[in-house]
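Using the working numbering, you'd call the opening residue of the sequence shown number 92 and step up by one each time.
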Amino acid sequence: MLSVLDLAPVVPVVVVEDAADAVPLARALVAGGLPAIEVTLRTPAALDAIRAIAAEVPEAVVGAGTVVSAPNVSNAAAAGARFLVSPGWTERLLDAMRASGLPFLPGVSTTSEVVALLERGVPEMKFFPAQAAGGVPYLKSLSGPLPQARFCPTGGISRASAPAYLSLPNVGCVGGTWMLPADALAARDWTRVEALAREASALKA
């Protein structure tokens with residue numbers, strides 16, 4: 092089973108309004124060195140976007156984000172998602188994600204949630220909303236008592252702040268949107284998206 096945390100230093104968090112944009116957008120991100128793409132289930136086009144990327148951009152590892160229910164899990168898996176990301180978790184959602192057989196990153200923002208997931212044999216998780224929940228200092232403080240937990244922090248992370256997160260021993264990658272500026276998406280400027288993705292893929296601690 093693949094580890095989403097080890098595919099690339101940055102996972103683009105994508106909101107697709109028009110499914111026709113999914114394939115060229117995914118190709119630009121992959122060409123820029125970001126193969127793991129989280130398509131959030133926030134729009135009616137999301138599942139069609141996942142389906143199109145899975146079918147037409149095989150070099151991409153497309154996942155579903157904003158997974159908040161068991162139907163979200165089954166619909167994303169049927170569309171071809173290769174991993175799942177949630178902003179938080181419940182017992183029912185965790186069971187559904189585990190039953191899917193797909194890699195998943197349940198969302199946490201407190202130490203108790205991290206410990207609860209570790210008790211259930213889940214060492215990899217999303218830290219969300221990263222900046223609002225304590226950012227780099229909070230994650231750094233978790234690495235001592237809970238070194239077995241690994242995170243993909245997401246939420247409010249920028250190109251400038253990403254290296255500080257990536258320098259932490261318990262962070263495998265970060266999620267972000269800065270390589271997807273609204274004006275570039277509106278203009279369908281995939282060349283610019285590719286260039287920004289290339290910059291993000293080169294980020295180091």
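Backbone N, C-alpha and C define an ideal beta-carbon position, used for all residues, glycine too.
Residue range W281 to S292 is occupied by the alpha helix (DSSP H) that includes T282. In this structure, P103 and G267 form a Cβ contact; the two beta carbons are roughly 7 Å apart against a cut-off of 8 Å. By the Cβ neighbour-count rule, K295 is exposed, with fewer than 16 other Cβ atoms within 10 Å of its own. For M188, the uninterrupted alpha helix (DSSP H) run begins and ends at E182 to S191, by DSSP. Annotated three-state conformation of R173 is coil, per DSSP. In the structure shown, the three-state DSSP call for K295 is coil. Annotation for A255: the continuous alpha helix (DSSP H) segment containing it runs A253 to L257. A contact between stretches requires three or more CB pairs, one per stretch, nearer than 8 Å, and the stretch 229 to 238 fails this requirement with the stretch 267 to 281. When rounded, the separation of the alpha-carbon atoms in V114 and F218 is 28 Å.
Contact check for T134 against E108 passes: the beta carbons are separated by less than 7 Å. Under DSSP, T245 takes part in a beta bridge, and its partners are G266. DSSP, reduced to helix, strand and coil, places A99 outside both helices and strands of the structure shown, so it counts as coil.
At a cut-off of 3 residues, the continuous stretches assigned as beta strand (DSSP E) that sit fully inside the stretch 95 to 165 are 101 to 105, 127 to 131 and 152 to 156.
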